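> Take 19 as the starting number for the sequence shown in the working numbering and just add one per residue.
We treat Cβ as the ideally placed atom computed from N, Cα and C, and that holds for glycine.
Given the structure is predicted, the values throughout are model-derived calculations rather than measurements.
Sharing a structure with you now.
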Amino acid sequence: MNSSWENSMFGWRSRFLAVAVLAAASFPAWAQNAIQSINSSQQAGSEVIRIELSEPLAALPAGFTVQTPPRIAIDLPGVSNGLGKSNVDINQGNLRSVSVAQAGERTRLVLNLKAPAGYRAQSTARCW
């Protein structure tokens, strides 16, 4: 199952779109869900952020935007940071970096932006 966030940008570019995709591979049910990788690319004038998880999420995660400094925060309940680091430098388009903070049973992703942005969530399913 894949989940994705499509983010329409305000101010910086009129047609900017950022997408984060949560992908899951087939793992045993007893394995804790963890972030395995975070990558970014440009596709048809959009920035795409791909967040690979070891398991699919049951529901789209909650999130919010901050105007100053410009950020998008996304909470992933029941997910741990399996990256071995807490910051991923991107420096592409409007995205500077992604900060990963784990607290208890939840991990928060903070997309550090160059200009304010909003987002909307979308989910897609894929068989592995």
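Quick one: is GLU65 buried, meaning 16 or more other Cβ sit within 10 Å of its Cβ, or exposed?
buried
> Rounded to the nearest angstrom, what separates ASN105 and GLU123 at their Cα positions?
19 Å
> In this structure, how does DSSP classify ASN112 when only helix, strand and coil are distinguished?
The DSSP-derived three-state label of ASN112 is coil.
> Take GLY102 as the anchor and find which of PRO79, ALA119, ALA76 and GLN60 has the nearest alpha-carbon.
ALA119
> Of the choices GLN60, GLN54 and ILE67, whose alpha-carbon is the least far from that of ASN130?
ILE67
> Using beta-carbon positions only, say whether ILE92 and PRO79 come within less than 9 Å of one another.
yes
> Is THR86 buried or exposed, if buried means 16 or more other CB atoms sit within 10 Å of its CB?
exposed
> Residues in the same chain with beta-carbon distance under 7 Å from ASP107, minus the five sequence neighbours each way, listed in chain order, please.
Cβ neighbours of ASP107 beyond the five flanking positions: SER115.
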